[in-house]
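Engineer: One structure follows; several queries about it will come next.
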Amino acid sequence: MIAAKMTRVRAHNTAPNSENKIHDDAVAAGYGFSGGLVPGVTVYGYLASVALRELTPQWMLAGSMHVRFQAPFYEADEICIDTERIGADLRLLAEREAGVVCATGLARIPEPMLEWADFDEAPLPPFDSRPGAAWDMFVPSKPLGTLHDRLDLADFDYLERHCFDSAAEPDPLYRTTAHPAVLLAMANLILANNYRLGPWIHASSELTHFGTANHGDEVCVRGRIENRFERKGHEFVVLDLAMTKSTGEHLLRVRHTAIYRPKMVSG
Numbered sequence: 077m078i079a080a081k082m083t084r085v086r087a088h089n090t091a092p093n094s095e096n097k098i099h100d101d102a103v104a105a106g107y108g109f110s111g112g113l114v115p116g117v118t119v120y121g122y123l124a125s126v127a128l129r130e131l132t133p134q135w136m137l138a139g140s141m142h143v144r145f146q147a148p149f150y151e152a153d154e155i156c157i158d159t160e161r162i163g164a165d166l167r168l169l170a171e172r173e174a175g176v177v178c179a180t181g182l183a184r185i186p187e188p189m190l191e192w193a194d195f196d197e198a199p200l201p202p203f204d205s206r207p208g209a210a211w212d213m214f215v216p217s218k219p220l221g222t223l224h225d226r227l228d229l230a231d232f233d234y235l236e237r238h239c240f241d242s243a244a245e246p247d248p249l250y251r252t253t254a255h256p257a258v259l260l261a262m263a264n265l266i267l268a269n270n271y272r273l274g275p276w277i278h279a280s281s282e283l284t285h286f287g288t289a290n291h292g293d294e295v296c297v298r299g300r301i302e303n304r305f306e307r308k309g310h311e312f313v314v315l316d317l318a319m320t321k322s323t324g325e326h327l328l329r330v331r332h333t334a335i336y337r338p339k340m341v342s343g
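Per our numbering, residue 77 is the first one in the sequence shown, and the count goes up by one each step.
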């Protein structure tokens, strides 16, 4: 075991004006939150940057992480990220004031968490004709329409749409090579481009890297619905995804879980 380390970062809500209104202060209040939620992908980005420093950039080529979000961060919260090395595993814990644990992660390079899988290309529905997110729409094994996304890592607005906090990660490497958070954001985007969603919440992701993508590359996101379930009044969907370059190189496998219908607060 290697002694724990701590990193501090200031949380930034990268999506206050997005289609997902759970990031809007007024809408989030109706679900019992104190303000708009900092996107889970943004929080994952903070954890992934720590993983890269601790495990070396090799983690972007062959590393894995399982990240869970237990409680929200809000704009300008101070995030304290503790890390602990236990053998090949890097355990991460992200807290806000008063020691509230908001996110946990387990990262490693050997022993991939997910094996590679290929999915067929499928058409996206027209954006204005997307079906509404509903239990009957999330049938396990149902294919998702393929998302194509050309990386524009020099464009601040593009990065913010992908929930990447550029100010928190100024390393110029990520203006030429996609930060892991930019790729994980595409799991959100394929869901939102296949279905018309109300306010929704990123709950967890399990992922394994197989390669890196660079500025100008086109990333193809293919996959299917893996599961749906209900817990404590929330309705969840699980996506099973594979990301490649348009030229075929493997990039990322993701099992992505979202609360597509959070429970409203009564009264």
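Beta carbons are placed, not taken as given, at the ideal position from N, Cα and C, and that holds for glycine.
Nothing here was measured: the structure is a model prediction, and the numbers come from that model.
Whose C-alpha, out of 97, 267, 230, 318, is nearest the C-alpha of residue 255?
Structural biologist: The shortest CA-to-CA distance from residue 255 to any of 97, 267, 230, 318 is the one to 230.
Engineer: Cutting at 6 Å between CB atoms, please list the residues of its own chain near residue 188, excluding the five before and the five after it.
Structural biologist: 140, 284
Engineer: Assuming residue 280 contacts residue 222 under a Cβ cut-off of 8 Å, what Cβ separation, rounded to an integer in Å, is found between them?
Structural biologist: Contact flag wrong, Cβ pair sits at about 23 Å.
Engineer: Determine the burial state of residue 210: buried for a count of at least 16 other Cβ atoms within 10 Å of its Cβ, exposed for fewer.
Structural biologist: exposed
Engineer: State the DSSP-derived secondary structure class of residue 271, mapped to helix, strand or coil.
Structural biologist: coil
Engineer: DSSP on residue 118, reduced to helix/strand/coil?
Structural biologist: helix
Engineer: Which one of 190, 168, 155 has the shortest CA to CA distance from residue 174?
Structural biologist: Minimum Cα-Cα distance from residue 174 among the listed residues 190, 168, 155 corresponds to 155.
Engineer: To the nearest angstrom, how far is the alpha carbon of residue 274 from that of residue 310?
Structural biologist: 13 Å
Engineer: Once the 5 residues before and after residue 264 are set aside, which same chain residues still bring their CB inside 7 Å of it?
Structural biologist: 117, 278
Engineer: Return the first residue and the last residue of the beta strand (DSSP E) that residue 298 is part of.
Structural biologist: 294 to 307
Engineer: Can you tell me the Cβ-Cβ gap for residue 166 and residue 138, rounded? I've got them flagged as a contact below 8 Å.
Structural biologist: Not quite, the Cβ-Cβ distance comes to about 14 Å (not below 8 Å), so this is no contact.
Engineer: Should residue 210 be counted as a contact of the ligand ATP given a C-beta to heavy atom distance under 7 Å?
Structural biologist: Annotation note on the ligand ATP: not contained in the displayed structure, which lists no ligands.
Engineer: Under three-state DSSP, which class holds residue 84?
Structural biologist: strand
Engineer: In angstroms, rounded to a whole number, what distance separates the CA positions of residue 295 and residue 172?
Structural biologist: Annotation: residue 295 to residue 172 spans about 34 Å, alpha carbon to alpha carbon.
Engineer: Within the same chain, show all residues whose beta-carbon is closer than 6 Å to that of residue 208, passing over the 5 residues directly before and after it, in chain order.
Structural biologist: 272
Engineer: Return the CA-CA distance between residue 114 and residue 267, expressed in angstroms with no decimal places.
Structural biologist: 18 Å
Engineer: Where in the region 173 to 240 do unbroken runs of the alpha helix (DSSP H), each at least 4 residues long, occur, reported from the N-terminal end onward?
Structural biologist: 232 to 237
Engineer: Using a Cβ cut-off of 8 Å (strictly closer), state whether residue 184 contacts chain C.
Structural biologist: Of the protein chains in this structure there is only one, and it is not chain C.
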